[in-house]
Structure formats: structure tokens, C-alpha cells
Amino acid sequence: MRETLSVQTQQRSQMLDITAQVQQVVSGLGVQEGRVVLHCPHTTAGLTINEGADPAVRADILAALEKLVPWQAGYRHQEGNAAAHIKSSLMGHSLTVLLDQGRLVLGTWQAIFFCEFDGPRGRRVLVDVLEG
Amino acid sequence: MRETLSVQTQQRSQMLDITAQVQQVVSGLGVQEGRVVLHCPHTTAGLTINEGADPAVRADILAALEKLVPWQAGYRHQEGNAAAHIKSSLMGHSLTVLLDQGRLVLGTWQAIFFCEFDGPRGRRVLVDVLEG
Amino acid sequence: MRETLSVQTQQRSQMLDITAQVQQVVSGLGVQEGRVVLHCPHTTAGLTINEGADPAVRADILAALEKLVPWQAGYRHQEGNAAAHIKSSLMGHSLTVLLDQGRLVLGTWQAIFFCEFDGPRGRRVLVDVLEG
Chain Z
1 MRETLSVQTQ QRSQMLDITA QVQQVVSGLG VQEGRVVLHC PHTTAGLTIN EGADPAVRAD
61 ILAALEKLVP WQAGYRHQEG NAAAHIKSSL MGHSLTVLLD QGRLVLGTWQ AIFFCEFDGP
121 RGRRVLVDVL EG
Chain L
1001 MRETLSVQTQ QRSQMLDITA QVQQVVSGLG VQEGRVVLHC PHTTAGLTIN EGADPAVRAD
1061 ILAALEKLVP WQAGYRHQEG NAAAHIKSSL MGHSLTVLLD QGRLVLGTWQ AIFFCEFDGP
1121 RGRRVLVDVL EG
Chain V
2001 MRETLSVQTQ QRSQMLDITA QVQQVVSGLG VQEGRVVLHC PHTTAGLTIN EGADPAVRAD
2061 ILAALEKLVP WQAGYRHQEG NAAAHIKSSL MGHSLTVLLD QGRLVLGTWQ AIFFCEFDGP
2121 RGRRVLVDVL EG
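Residue numbers (the working numbering), protein chains in the order written: chain Z, 1 to 132; chain L, 1001 to 1132; chain V, 2001 to 2132.
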């Protein structure tokens, strides 16, 4: 069972908490036990899990990535967004999350984030729910 | 089928080889073919696969991460462990490992590591075994 | 259902587009819906998804990784390839890709890359296809 989430980013670099949207897909499908695979079909964005409570954590992650992979650094890719491609491979494009009694299995502080590195844009995340 | 491993770390940054513990869960369940998903429910720790034979590899990985993401660097997150959050997203929070005749499918030199970035602490790893 | 791809790299650091090879495995097995797990059994190589159209993107990713993790930097591991181990954990060793009507579900610009960090070598990638 598969659904597509729509995500609208507002900044060039941004981490959006999509946990509630993913949970909504799972709940809508009525699946109790299994695994969810999330896939980001974009090459200048990614997915990660990290702390959802304090927005400063997101700011620190984005700032650290910007320091490691500056927006301008003599890249060969001519579209100007090479840094976004690099960051997306550092974060990764897919996540597997377990289900327990219909809920995403996440630690107390964990949230699922869509990582925008070349926004603002309209983006998509595929949510694939496997029962079992 | 799901079990929870307990992991006790001894240092602030540490890579613990949990391959044998994961294999023990799989063997205990008697599953021969399928896939194992490991999930780290903590936001200042992660999971990775790398060389298990030479402990120097672990030391090099941890030192490289420390150089890339120093413990103190003017972070906004006030708890003092922002670097640990950043490193955890660089390593990732889940792994999928295949099974073959009841054994984890890993290369000759591969081991599964729990990556502690804000220890020492008692930690957990979820081991989800899907037969098929 | 599982098959092993053979990959021959030509340089020390190289990103090889293996999308067509992976699709060929899926098509050969005749699986229409499900999930593919790719596993890289090597500790000095990895797997990632990124743009396949412009080779400059690959060059930028490899150059950025080389800048972040230089080949020589006083590592403890005595085999001279510590940087390759570190880069492999930054990229990761497995990928999960969804299937739709027999095709890998990838974004318009996405391709699957084998990341060599200590070549040239003959390498392998496990392709595990789960129907459902």
C-alpha cells in the first residue's frame, strides 16, 4: 500500500517534521504491524530522523551541513545547486520505520524530517506500508 | 518478530560491535531467510556497518566525525550535545540486513556497529526480523 | 529472491551508475510489486542515490567527500585506506528501493550509484527482491 505526501518547503535549507503526516497515512490504511519505507524522489533533498522537540537541533544540523558543504565552492555542476546534491547523499533518500499497534516506532525524542537543500519547492515523499 | 537489545556504552563517542547480539536474536527466533531491520531509537546515537577486525578503523571513523563536527562550535541547542545529534544523522538510525540460512549476510570484514555520540549511557536497539 | 551483481571499478574514488543492472535483475525475476534491498558487502565502498544525468554531480560528491575526509590525515588504521572506510559509513551500505509495475521507483533524476572509495577493484552488490 503506497501513498504520496506533498511537502511545501519555504527556505533553501529546511528540515520539516513530517512524522504526523506519515502516521496519518499509516492510520488511514489501518495497518497495525509491519514496516514503513519512506522514499524521497528528489536529488537535492533527503530524509532523516532526529530530535523533534527543540527546533535548535534542526538549525544546528543544517548549519553543520552548510559548513561542511558550502553553497559555493567551485563545483563543476553548472546548475548552482551542487551542495544540495552532496548534502542529500549525506542524509540519504530512504528510511525504514517499524510499526507497532498501528503506531510508528520512534524513540521519545525522534521525529521524521524531510530535508530540503534547494528550496523553496513543492516536494513529494513516497510512503510504502508493508503489513506483516 | 521483534526484540530489543540493550547496549551499555562506556565513552562519550564509541562504536560497539553488536553483530553477535543481532545474530543471537535471529538464531533465537529460528528464522532462516528474510530481512532484519535494526532501529536505534535515540537521537544522539546511530547505526553503521564497517570493518570489525581492526579497532583502528573505528577510532579513525570517530576521530573523523569529531573533526567534521566538533563537540563545541557555537551550537544553538542548549543541552551541550548538538554535535551528537548531527553525527547521528550522518550515520543514520536504521539498517536493513539480509538473512541467508539463518545467518546475517555481511561481507568478510563487515560488522554492525552501534554508534554512541553522547555517552556513556544505557541504550537500546530494536531488532525486527521479517521472514520470507 | 536474491542475485549478486558484479561491479568493476576503474579508479580509487568512483561513482558507478548501477540502476540498469539492478532493473535487469528485477525484470529477470518478473517481480511487479514490492521492495528491493541492495547491500554492499565491502567496507571501503558504499551505495547512494543521486542525480544520474550530469556526471559533474558525481564528481562534486566525490570531491566534497575527499575534502571532508582526506586520503592521508594521520589515521591509525595501517592499511592506508582509512579514508575509504570513513566515506563508506557516510554514504551507507544498503538501500531500499520500491517497485511499481516491475520498475524501480526513482525520481526523474535519480540513479543508484555504487560508490568506490578504494579502487580499482572487482566488487559485488547483493540485490534482494521481496514481492508483495
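The beta carbon of each residue, even a glycine, is placed where N, CA and C say it ideally should be. The structure presented is a predicted model; accordingly, all values stated were derived computationally and were not measured.
Give me, in chain order, the residues of the same chain whose beta-carbon lies closer than 8 angstroms to that of Asp2128 (chain V); leave out the 5 immediate sequence neighbours on both sides.
Met2001, Arg2002, Val2036, Val2037, Leu2038, His2039
Are any of the Cβ atoms in chain Z nearer than 8 angstroms to that of Gly2132 (chain V)?
yes
Could you pull out every residue in the same chain whose Cβ sits closer than 8 angstroms to the Cβ of Gly2092 (chain V), ignoring the five residues on either side in sequence?
Gly2046, Leu2047, Thr2048
What does Ser94 (chain Z) reach in chain V if we use C-beta pairs closer than 7 angstroms?
Leu2095, Thr2096
Taking only three categories from DSSP, how would you classify Met15 (chain Z)?
Met15 (chain Z): strand per DSSP, three-state reduction.
With a Cβ-Cβ cutoff of 8 angstroms, do Ile2061 (chain V) and Met2015 (chain V) count as a contact?
yes
Counting only C-beta atoms, is Met2091 (chain V) closer than 8 angstroms to chain Z at any point?
yes
Consider the Cβ of Gly1146 (chain L): report whether some Cβ of chain V lies at a distance smaller than 8 angstroms.
Nothing can be reported for residue 1146 (chain L), as the shown portion of chain L is limited to 1001 through 1132.
Taking 8 angstroms as the threshold (beta carbon to beta carbon), is Ala1020 (chain L) in contact with chain V?
Not closer than 8 angstroms to any Cβ of chain V, the Cβ of Ala1020 (chain L) fails to qualify, so no.
Can you grab the Cα-Cα spacing for the pair Leu29 (chain Z) / Lys2067 (chain V), in whole Å?
45 angstroms
Which residues, in chain order, does the region 1037-1068 of chain L contribute to contact with chain V at a C-beta distance below 7 angstroms?
Thr1048, Ile1049, Asn1050, Glu1051, Asp1054, Ala1056, Val1057, Ala1059, Asp1060, Ile1061, Ala1064, Leu1068
Alpha carbon to alpha carbon, how far is Gly2119 (chain V) from Cys1115 (chain L)?
27 angstroms
Does the beta-carbon distance from Val26 (chain Z) to Leu95 (chain Z) come in below 8 angstroms?
no
Note down the Cα distance separating Ala1056 (chain L) from Gln10 (chain Z), rounded to an integer number of angstroms.
Ala1056 (chain L) and Gln10 (chain Z): Cα-Cα distance of roughly 43 angstroms.
Nearest to Ala1084 (chain L) by alpha carbon, out of Z:Ala84, Z:Glu51, Z:Val97, Z:Leu5?
Nearest option by C-alpha distance: Z:Glu51.
Would you mind listing the alpha helix (DSSP H) stretches within the region 1009-1060 of chain L that are 4+ residues and don't spill past its ends, in chain order?
1019-1029
Work out the CA separation of His2077 (chain V) and Ser147 (chain Z) for me, nearest whole Å.
The structure shown has nothing for residue 147 (chain Z), since chain Z only spans 1 to 132.
Under 8 angstroms between the Cβ atoms of Pro2041 (chain V) and Gln1110 (chain L)?
yes
Going by DSSP, name the residue or residues bridged to Ala2084 (chain V).
DSSP lists no partner for Ala2084 (chain V).
Measuring alpha carbon to alpha carbon, tell me which residue in V:Ala2063, V:Gly2074, V:Phe2113 is nearest Val2125 (chain V).
V:Phe2113
Is Val7 (chain Z) close to chain L, meaning its C-beta is less than 8 angstroms from at least one C-beta of that chain?
no
What is the C-beta distance between Leu2090 (chain V) and Leu1130 (chain L), in whole angstroms, given that I count them as a contact (C-beta under 8 angstroms)?
Rounded, the Cβ-Cβ distance is 27 angstroms, inconsistent with contact.
Would you tell me roughly how many angstroms separate the C-alpha atoms of Glu2033 (chain V) and Val1069 (chain L), rounded to the nearest one?
Using only the alpha carbons, I get a separation of about 41 angstroms.
Mark Ala2082 (chain V) as exposed unless 16 or more other C-beta atoms lie within 10 angstroms of its C-beta, in which case mark it buried.
buried
Is the distance from the Cβ of Gly1107 (chain L) to the Cβ of Thr2043 (chain V) below 8 angstroms?
yes
Pull up the distance between the alpha-carbon of Ser1013 (chain L) and that of Ala1020 (chain L), whole angstroms please.
21 angstroms
Taking the straight line between their C-alpha atoms, what separation do you get for Val31 (chain Z) and Asp1054 (chain L)?
43 angstroms
Is DSSP giving Leu106 (chain Z) helix, strand or coil here?
coil
Does Gln1072 (chain L) pass the burial test, meaning 16 or more other C-beta atoms within 10 Å, or should it be called exposed?
exposed
Determine the chain V residues that contact Ser88 (chain Z) at a beta-carbon separation under 8 angstroms, and present them in chain order.
In chain order: Asn2050.
Under 8 angstroms by Cβ, that's how I've got Gly1122 (chain L) and Gln1008 (chain L) pegged, so tell me the actual separation to the nearest angstrom.
Distance from Gly1122 (chain L) to Gln1008 (chain L) at the Cβ level is roughly 5 angstroms; contact confirmed, criterion being Cβ atoms closer than 8 angstroms.
Is any beta-carbon of chain L found at less than 8 angstroms from that of Trp71 (chain Z)?
By this cut-off, Trp71 (chain Z) is not an interface position.
Starting from Arg76 (chain Z), trace the beta strand (DSSP E) both ways and give me its first and last residue.
Per DSSP, Arg76 (chain Z) belongs to no beta strand (DSSP E) and is neither H nor E.
Does any C-beta atom of chain A lie closer than 8 angstroms to the C-beta of Ala1084 (chain L)?
The structure shown has no chain A; the protein chains it does contain are Z, L and V.
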